[in-house]
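Heads up: the sequence shown begins at 3 in this note's numbering, then just goes up one per residue.
What follows is one structure encoded as structure tokens, with my remarks underneath.
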Amino acid sequence: MTATQSAVRVSKLGYVGFETPDVARLTEYYTKVLDFQLVEQTAQEAFLTTGTDHHCVVLKQGQARGRTAVGYEVWEDLDAAQRRLKEAGYDSERRSDIGPGTPDVLVVDEAETGTPLHLITAQDPSGVEGYTPLRPTKLGHVASFTPSLKGMQDFYQDLLGFRWSDTVADFFVFLRCNGDHHAANFMASQKFEGMHHIAYEMRDPAHLIQMLDHLAKNNYRLHWGPGRHGPGHNLFTYHRDPDGNVIELFTQLDMIHDEAKGYWEPRPWHEENPMYPRTWETDLAFINAWGPVDFPSLDH
Ligand SMILES: [Fe+2]
């Protein structure tokens with residue numbers, strides 16, 4: 003089934019929800035360390051943004067858990083989206099009480115994990131204007147474990163209109179919903195569940211380095227990177243937030259400018275030219291072209 007025949011068409015990763023035992027501590031990390039803007043706060047929740055969207059991160063009181071909800075923007079109006087999901091065999095629930103910034107939400111449970119997905123047409127504006135030297139440009143992608151790669155891939159492609167971007171061996175798939183190489187990636191695991199990492203985009207390598215110095219000043223150390231991945235070819239760095247969630251800061255992610263041609267915008271570091279979506283071997287040079295590999299990051 004191609005993207006045009008999918009039940010709905012996701013156009014953007016909007017936000018990711020977290021549960022945390024200490025909303026104040028994680029809010030401080032997001033505002034003081036990652037330089038996000040706190041847009042709204044209730045007794046139990048904090049809404050943070052990097053830009054004009056009301057939020058891209060929602061923190062909620064609870065256990066330390068990543069990716070408790072994911073917000074996706076869709077092209078369809080929500081009436082049509084709900085009808086088409088129903089036709090495809092998926093029940094969804096229309097909600098007006100999800101939270102500030104998203105008064106109209108269609109909630110559908112993700113296949114394989116049951117994670118609530120919040121489908122929206124757009125968010126209210128955050129009111130944040132301009133930019134600061136440090137702040138990431140946007141929420142880039144969120145990676146999670148899934149018991150079945152195929153079930154998840156079928157759900158994302160056939161139901162939500164994602165396109166296949168890359169697979170590593172038989173355990174790691176990358177899916178896109180717009181020009182970016184991936185907004186969602188999934189690692190097959192019978193051992194782990196939940197979020198693998200969440201990733202924020204930096205403008206360029208200099209911006210990334212500036213943020214790494216800022217992390218160091220605040221005693222946040224990388225456990226992997228900088229390096230360059232094969233799939234997506236992004237420069238990557240990984241560290242942990244105060245709850246232990248893995249945070250990726252990246253730049254230079256592959257882009258697809260023309261779906262009809264189907265290859266990534268050519269870059270000098272590509273292994274092939276043109277470079278198409280492909281299945282990669284688990285070659286260490288593909289995991290990090292620059293060398294060092296953090297093996298626990300690949301454990302599944
Ligand atoms: Fe990533």
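Heads up, the beta-carbon is just placed ideally off N, CA and C, and yes, glycines get one too.
Note that the coordinates shown come from a computational prediction; the quantities given were computed from them, not determined experimentally.
query, result
"Within 8 angstroms, strictly: CB atoms of residue 258 and residue 271", "no"
"Any non-hydrogen atom of ligand 1 within 7 angstroms of residue 186 CB", "no"
"Among 66, 11, 18, 7, the one whose alpha carbon lies nearest that of residue 27", "66"
"Proximity to residue 204 [Cα-Cα], best of 149, 53, 181, 254", "254"
"Any non-hydrogen atom of ligand 1 within 7 angstroms of residue 291 CB", "no"
"Closer than 7 angstroms: residue 250 CB and nearest ligand 1 heavy atom", "yes"
"Inter-stretch contact at 8 angstroms, needing at least 3 Cβ pairs: the segment 183 to 191 / the segment 146 to 161", "yes"
"Selected residue, minimal CA-CA separation from residue 73, among 143, 211, 249", "143"
"Simplified DSSP state of residue 205, which is helix, strand or coil", "coil"
"Reduced DSSP secondary structure (H/G/I, E/B, other) of residue 223", "coil"
"Spatial neighbours of residue 55 in its chain, beta-carbon cut-off 7 angstroms, leaving aside the 5 residues before and after", "16, 125, 128"
"Counterpart residues of residue 146 in DSSP-defined beta bridges", "188, 197"
"Residue 48 in three-state terms, based on DSSP", "strand"
"Any non-hydrogen atom of ligand 1 within 7 angstroms of residue 82 CB", "no"
"Nearest neighbour of residue 11, chosen from 21, 175, 89, 161 [CA to CA]", "161"
"Inter-stretch contact at 8 angstroms, needing at least 3 Cβ pairs: the segment 281 to 298 / the segment 169 to 177", "yes"
"Where residue 294 falls: helix, strand or coil (DSSP)", "coil"
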